[in-house]
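*Asks:* Structure incoming, see below.
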Amino acid sequence: MPPLEARLQALEDREAIRDLIARYGPLADSGDADGVAGLWAKDGSYAVQGFADAAGRDAIAGLISGPVHQQLLADGCAHLLGPVAIELSGDAATARGHSVVLRWTGQAFEVHRVSANRWQLTRGSHGWQVTLRENALLQGDAAARALLAR
Amino acid sequence: MPPLEARLQALEDREAIRDLIARYGPLADSGDADGVAGLWAKDGSYAVQGFADAAGRDAIAGLISGPVHQQLLADGCAHLLGPVAIELSGDAATARGHSVVLRWTGQAFEVHRVSANRWQLTRGSHGWQVTLRENALLQGDAAARALLAR
Amino acid sequence: MPPLEARLQALEDREAIRDLIARYGPLADSGDADGVAGLWAKDGSYAVQGFADAAGRDAIAGLISGPVHQQLLADGCAHLLGPVAIELSGDAATARGHSVVLRWTGQAFEVHRVSANRWQLTRGSHGWQVTLRENALLQGDAAARALLAR
Numbered sequence: 358m359p360p361l362e363a364r365l366q367a368l369e370d371r372e373a374i375r376d377l378i379a380r381y382g383p384l385a386d387s388g389d390a391d392g393v394a395g396l397w398a399k400d401g402s403y404a405v406q407g408f409a410d411a412a413g414r415d416a417i418a419g420l421i422s423g424p425v426h427q428q429l430l431a432d433g434c435a436h437l438l439g440p441v442a443i444e445l446s447g448d449a450a451t452a453r454g455h456s457v458v459l460r461w462t463g464q465a466f467e468v469h470r471v472s473a474n475r476w477q478l479t480r481g482s483h484g485w486q487v488t489l490r491e492n493a494l495l496q497g498d499a500a501a502r503a504l505l506a507r
Numbered sequence: 358m359p360p361l362e363a364r365l366q367a368l369e370d371r372e373a374i375r376d377l378i379a380r381y382g383p384l385a386d387s388g389d390a391d392g393v394a395g396l397w398a399k400d401g402s403y404a405v406q407g408f409a410d411a412a413g414r415d416a417i418a419g420l421i422s423g424p425v426h427q428q429l430l431a432d433g434c435a436h437l438l439g440p441v442a443i444e445l446s447g448d449a450a451t452a453r454g455h456s457v458v459l460r461w462t463g464q465a466f467e468v469h470r471v472s473a474n475r476w477q478l479t480r481g482s483h484g485w486q487v488t489l490r491e492n493a494l495l496q497g498d499a500a501a502r503a504l505l506a507r
Numbered sequence: 358m359p360p361l362e363a364r365l366q367a368l369e370d371r372e373a374i375r376d377l378i379a380r381y382g383p384l385a386d387s388g389d390a391d392g393v394a395g396l397w398a399k400d401g402s403y404a405v406q407g408f409a410d411a412a413g414r415d416a417i418a419g420l421i422s423g424p425v426h427q428q429l430l431a432d433g434c435a436h437l438l439g440p441v442a443i444e445l446s447g448d449a450a451t452a453r454g455h456s457v458v459l460r461w462t463g464q465a466f467e468v469h470r471v472s473a474n475r476w477q478l479t480r481g482s483h484g485w486q487v488t489l490r491e492n493a494l495l496q497g498d499a500a501a502r503a504l505l506a507r
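From first to last, the protein sequence lines are chains A, B and C. Residue 421 in the working numbering sits at position 64 of the first sequence; the count goes up by one each step and never skips. Residue 431 in the working numbering sits at position 74 of the second sequence; the count goes up by one each step and never skips. Residue 485 in the working numbering sits at position 128 of the third sequence; the count goes up by one each step and never skips.
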């Protein structure tokens, strides 16, 4: 690939990954279970603290259609993400950042969850997809902090 | 347009839209009514739950110079945005994401508003501008969730 | 530089600056004092309200290894940033945006700090680095709002 095109491709990769992750919150908070699952590769996984590990798109969609998330939607919620720090390595990438769940209690908005996230992504025939997202609550545990480490 | 330049242009468009939206919070929280209004097209609108719909730049500037926003500034506030998921279509684009207003009560920071946002943007002779921003509180209403839907 | 390459370079610069700032939170919340300090130029500074001004990498690393930040890590915390509005000017840049510190109290997550931030950056032989980050609490003070102003 000519040098200029390689530089362009690297920017496109980073843009695609950032956009993929930015779509999570709007899809989750509009209750779009298939849309959320479609961010992941077919054999992708989501390991989110407080829930059984979800392996494969059906299981990931099940987190959105399941009772905990549906209650959050009924209450009123926002799955807010921070910016992600992206490391590209050919057809693979890692992104690190925070996620925060805000919830309407009926009287006020509360900070319901604050988590560390490590996203593993790969580029396949359908573009960039998530292969593994790990999410752990930042409540003082070293394992959660480790997800954010270089 | 040659293929490489078209790819570059698409990245520039996404960058310009992201930057436009990223400027909202700093402009709002520095009380820059004209700066906020200048993000919108001349005939642009801002439909923000809890306020009368603001059509045109004077009305949008009026939201910033008006008593509710001025009280927030005097209290201490942050109009924090999450990342936006951007869909480009030629000279038009849609961006979806969350916004959160944090407020100093005098004793602590409270989560004052948590909203869904859908931004409609167009590219004109002055570059990308907002034509419509819709904002609705995520308190369990389906209409708010719908702003975030694909 | 040919026009296309200059446009590509401008996008790369913005991407590098955004990524640099996006790395702050994960590095801070994984307790990586050297990693945080390495975002700054050798003679860079961090003026953060509530702490003595930190000039140079050793002093900046000392903010992370110091007792206040270490207590936050032990409690559970997230240094969440919002998007930054970036102004490029050759080998210098300014970025403006919010930062929020969320803390686990042992019983709930609280909004511990909400700040305005102005980042000054320069491009040197090691790429883009922070030369000055100013951080002030948004508790109604005009000086904090001024950091966000155009």
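Note that CB positions come from ideal geometry on N, CA and C, so glycine has one too.
Can you tell me where the beta strand (DSSP E) holding S446 (chain A) begins and where it ends?
*Replies:* Run containing S446 (chain A): 442 to 446, per the beta strand (DSSP E) assignment.
*Asks:* Going along the segment 419 to 432 of chain C in order, which residues come within less than 8 Å of chain A, judged by CB to CB distance?
*Replies:* The residues in question are L430, A431, D432.
*Asks:* So that I know if they touch, is there some Cβ in chain C lying closer than 9 Å to that of E372 (chain B)?
*Replies:* Yes - at least one Cβ of chain C is within 9 Å of the one on E372 (chain B).
*Asks:* With distance defined between alpha-carbon atoms, name the residue in B:A493, B:F466, B:Y381, B:L377 nearest to C434 (chain B).
*Replies:* Considering only alpha carbons, the answer is B:F466.
*Asks:* Please classify G463 (chain C) as buried or exposed, where buried requires at least 16 neighbouring CB atoms within 10 angstroms.
*Replies:* Per the 10 Å Cβ criterion, exposed.
*Asks:* Using beta-carbon positions only, say whether A390 (chain B) and A442 (chain C) come within less than 9 Å of one another.
*Replies:* No. Outside cutoff.
*Asks:* Taking only beta-carbon positions, decide if E444 (chain C) is within less than 9 Å of chain A.
*Replies:* No - not a single Cβ of chain A is within 9 Å of the one on E444 (chain C).
*Asks:* With a cut-off of 9 Å, does the C-beta of D498 (chain B) fall near any C-beta of chain A?
*Replies:* Yes, its Cβ sits closer than 9 Å to a Cβ of chain A.
*Asks:* Check the Cβ of A450 (chain C) against every Cβ in chain B and list those closer than 7 Å, keeping chain order.
*Replies:* Within chain B, no residue comes near A450 (chain C); the closest Cβ sits about 12 Å away, beyond 7 Å.
*Asks:* Is any non-hydrogen atom of the ligand FAD found closer than 8 Å to the C-beta of A418 (chain A), if you look at the structure I gave you?
*Replies:* The ligand content of the structure shown is nil, which means the ligand FAD is not present either.
*Asks:* Roughly how many angstroms separate the alpha carbons of L478 (chain A) and R414 (chain A), rounded to a whole number?
*Replies:* Their backbone Cα atoms lie some 15 Å apart in a straight line.
*Asks:* How is the beta strand (DSSP E) around G407 (chain A) delimited, first residue to last?
*Replies:* Taken as a continuous stretch (DSSP letters only), G407 (chain A) belongs to no beta strand (DSSP E), as it is neither H nor E.
*Asks:* Excluding the 5 residues preceding and the 5 following A473 (chain B) in the sequence, name in chain order all residues of the same chain whose CB lies nearer than 6 Å to its CB.
*Replies:* A493, L495, A501, L504, L505, listed in sequence order.
*Asks:* Check the Cβ-Cβ distances between S482 (chain C) and every residue of chain B, and say whether any is below 9 Å.
*Replies:* No, because no Cβ of chain B sits closer than 9 Å to the Cβ of S482 (chain C).
*Asks:* Just how far apart, CA to CA, sit A373 (chain B) and R460 (chain C)?
*Replies:* Each residue's alpha carbon lies about 34 Å from the other.
*Asks:* In terms of DSSP beta bridges, what is T451 (chain B) paired with?
*Replies:* Answer is B:E444, B:Q477, bridged to T451 (chain B).
*Asks:* Do the segment 411 to 426 of chain A and the segment 452 to 459 of chain A meet, that is, are 3 or more Cβ pairs less than 8 Å apart?
*Replies:* Judged by Cβ distances under 8 Å, the segment 411 to 426 of chain A makes no contact with the segment 452 to 459 of chain A, as fewer than three pairs qualify.
*Asks:* Quick check on the burial criterion: 16 or more other C-beta atoms within 10 angstroms. Buried or exposed for S402 (chain A)?
*Replies:* Buried.
*Asks:* For the segment 389 to 418 of chain C, list every residue whose C-beta sits within 7 Å of some C-beta in chain A, in sequence order.
*Replies:* Taking 7 Å as the Cβ-Cβ cut-off against chain A, the residues of the segment 389 to 418 of chain C that qualify are D389, G392.
*Asks:* DSSP has S456 (chain C) in a bridge; who is on the other side?
*Replies:* In the DSSP output, where bridge partners are listed per residue, S456 (chain C) has C:L438, C:S472.
*Asks:* Quick check: is the beta carbon of V487 (chain A) nearer than 9 Å to any beta carbon in chain C?
*Replies:* Output row for V487 (chain A): interface = no.
*Asks:* Return the CA-CA distance between G407 (chain C) and D376 (chain B), expressed in angstroms with no decimal places.
*Replies:* About 30 Å.
*Asks:* Where in the segment 378 to 407 of chain A do unbroken runs of the alpha helix (DSSP H), each at least 4 residues long, occur, reported from the N-terminal end onward?
*Replies:* 381 to 386, 390 to 394, all fully within the segment 378 to 407 of chain A.
*Asks:* Mind checking E362 (chain A): buried by the 16 CB within 10 Å criterion, or exposed?
*Replies:* Exposed is the call here.
*Asks:* So what does Q486 (chain B) bridge to, in DSSP terms?
*Replies:* Note: Q486 (chain B) sits in a beta bridge opposite B:T479.
*Asks:* Give me the Cα-Cα distance between R490 (chain A) and M358 (chain A), rounded to the nearest whole angstrom.
*Replies:* Approximately 31 Å, taken between the alpha carbons.
*Asks:* As a quick exercise: from B:A398, B:G382, B:H436, B:L437, pick the residue whose alpha carbon is nearest that of S482 (chain B).
*Replies:* Of the candidates B:A398, B:G382, B:H436, B:L437, the one whose C-alpha sits nearest the C-alpha of S482 (chain B) is B:A398.
*Asks:* State the CB to CB distance for the pair G382 (chain B) and G439 (chain C), rounded to an integer number of angstroms; the pair is presumed to be in contact (CB under 8 Å).
*Replies:* Right, the Cβ-Cβ distance comes to about 6 Å (below 8 Å), so this counts as a contact.
*Asks:* Report yes if the CB atom of D370 (chain C) is closer than 9 Å to the CB atom of R480 (chain C), and no otherwise.
*Replies:* Taking 9 Å as the Cβ cut-off, D370 (chain C) and R480 (chain C) qualify as a contacting pair.
*Asks:* Select from C:L384, C:D432, C:A450 the residue whose C-alpha is nearest the C-alpha of Q486 (chain C).
*Replies:* Selected option, being the one with the closest Cα: C:A450.
*Asks:* Closest to A404 (chain C) by CA distance: which of C:R475, C:D432, C:A499 is it?
*Replies:* That would be C:R475, whose Cα lies nearest to the Cα of A404 (chain C).
*Asks:* So, for L437 (chain B): in the same chain, excluding its five sequence neighbours on each side, which residues have a beta-carbon less than 8 Å away from its beta-carbon?
*Replies:* Closer than 8 Å at the Cβ level, and outside the excluded window around L437 (chain B), lie G382, S456, V457, V458, L459.
*Asks:* Is DSSP giving L368 (chain A) helix, strand or coil here?
*Replies:* Helix, per DSSP.
*Asks:* Out of C:G395, C:R364, C:V468, C:I421, which has the shortest C-alpha to C-alpha gap to G484 (chain C)?
*Replies:* Nearest of C:G395, C:R364, C:V468, C:I421 to G484 (chain C), Cα basis: C:G395.
*Asks:* Three-state secondary structure (DSSP) at A506 (chain C)?
*Replies:* Three-state DSSP puts A506 (chain C) in coil, outside helix and strand.
*Asks:* Under 9 Å, do A409 (chain A) and I417 (chain A) count as touching if we go by C-beta distance?
*Replies:* No, the Cβ-Cβ distance between A409 (chain A) and I417 (chain A) is not below 9 Å.
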